[in-house]
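**Student:**
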Amino acid sequence: EVRDQARARGLLASDVPIEPVAAAAFPATAPRPACSVLATERIEAALGSRLPPWQDGVARHLDRVREGRNGS
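Residue 475 in my numbering sits at position 19 of the sequence shown, with consecutive numbering throughout.
So this is what it looks like as structure tokens:
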């Protein structure tokens with residue numbers, strides 16, 4: 457998704473290969489669950505509001521990167 461959005465904005469000239477990497481390749485000081493998919497239900501319940509999809513944040517960030525490259 458990130459690669460596709462970057463390519464759509466002209467930030468990548470070609471298809472960049474993405475290789476899967478096991479989480480064990482990046483040891484962390486804090487223990488991490490085997491599956492650490494971002495779950496938002498608890499924070500949404502606490503806030504009483506739904507969070508936007510993560511793809512929206514990626515799009516906003518890539519738009520800022522593109523603007524910076526264009527000198528805007």
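Cβ atoms here follow ideal geometry from the backbone N, Cα and C, with glycine treated the same way.
Being a predicted model, the structure only gives us computed values, none of them experimental.
In whole angstroms, what is the alpha-carbon distance linking Val514 and Ala502?
**Tutor:** Distance between the alpha carbons of Val514 and Ala502: 24 Å.
**Student:** Does the segment 470-481 come close enough to the segment 518-527 to have 3 or more Cβ pairs within less than 8 Å?
**Tutor:** At 8 Å Cβ cutoff, the stretches do not touch.
**Student:** Kindly indicate which three-state DSSP category Ala495 falls into: helix, strand or coil?
**Tutor:** Ala495: coil per DSSP, three-state reduction.
**Student:** Start and end of the alpha helix (DSSP H) containing Gly513?
**Tutor:** Run containing Gly513: 510-525, per the alpha helix (DSSP H) assignment.
**Student:** For the alpha helix (DSSP H) containing Asp460, name the first residue and the last one.
**Tutor:** Unbroken alpha helix (DSSP H) run through Asp460: 458-464.
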